[in-house]
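Worksheet for the structure shown next.
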Amino acid sequence: MVKIIIIALDPPPNVDEVEWIENRFYELNGLVSGFKIGLPAVLRNGLESYKRIFKDYKGLLIADFKLADIGDIMSMSAEIIKSYGFNAMIAHSFVGYSNAIDKLSKKAKDLGLKLILVVSMSHEGSKEYIDGHLNDFLQIAVKANAWGVVAPATRVDVIRNVRSKVGKDIKILSPGVGAQGADFGSAICNGADYEIIGRSITGAENIKEKATQIIKTIEERVKICRGLQ
């Protein structure tokens, strides 16, 4: 079974968030490529709550805090992120390269953190500004030697464009699969390396069974789109 899914661990309202995340981590560990934790869960419970859960985890663990500040501030944030066991972080590319992403890139390299830059987003508002600067953001990602970029599964034309610009050296992580409308496997078929999936799996009654089912669906679709079946 190929690991091509990253799980977005975004707890719903009115749950014990730490327990919710811990349960889903243990159910899915070994099935998926990694996990992504967003800002709301951290703001409510603190980073220490999650360090214990993931302390021995060797897979991809992404701090999805979408850093967007001057380089020195983002670099300090990166040090904190690393100290709590994350091995990857997401930042916005719209802050520019000079005295921003350049410093964050250097800090990420020094710390051994994978730098992932947002170049487009899955919501409609992304078209209002961010998508108009897509090529500029891709140039920043290449210049910064980013490990990966975020491009939406909800607009596969963007994924294809990103892949054509960055080649095979930069990973493409695609949110918007499942609950936001994109079909399972559609992002991978159009050039993404990973599909980020949240509620379709984390909200299921049988989490492991649902994840296994979705992975199989993706694998079958990819075989067809790549002419392997």
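204 is the number of the first residue of the sequence shown in the working numbering; add one for each residue after it.
Heads up, the beta-carbon is just placed ideally off N, CA and C, and yes, glycines get one too.
If you check the CB distance, E398 and A390 come in under 7 Å.
Contact check for I256 against F228 passes: the beta carbons are separated by less than 7 Å. With distances taken between CA atoms, S278 lies nearest to N302 out of D259, N302, G335. Here K330 is exposed, its C-beta having fewer than 16 other C-beta atoms within 10 Å. Short of 7 Å from the beta carbon of L250, and not among the five residues preceding or following it, lie these beta carbons of its own chain, in chain order: Y287. Taken through DSSP and simplified to helix, strand or coil, K346 comes out as helix.
Here R358 is buried: its Cβ has 16 or more other Cβ atoms, across all protein chains shown, within 10 Å.
Considered as a whole, the region 233-304 harbours 242-248, 251-257, 274-286 as its complete alpha helix (DSSP H) runs of no fewer than 4 residues, in chain order. Here Y397 carries a strand assignment [DSSP, helix/strand/coil]. Between the region 377-393 and the region 353-369, the count of Cβ pairs shorter than 8 Å is three or higher; the stretches touch. Inter-residue distance for N232 and F289 is about 15 Å (C-alpha atoms, whole angstroms).
When secondary structure is reduced to three states using DSSP, A385 falls in the strand class. C-alpha of N226 to C-alpha of E220: approximately 10 Å in a straight line. Following the DSSP letters along the chain, one finds K411 inside the alpha helix (DSSP H) bounded by residues 410-428.
Minimum Cα-Cα distance from S296 among the listed residues K261, D275, D339 corresponds to D339.
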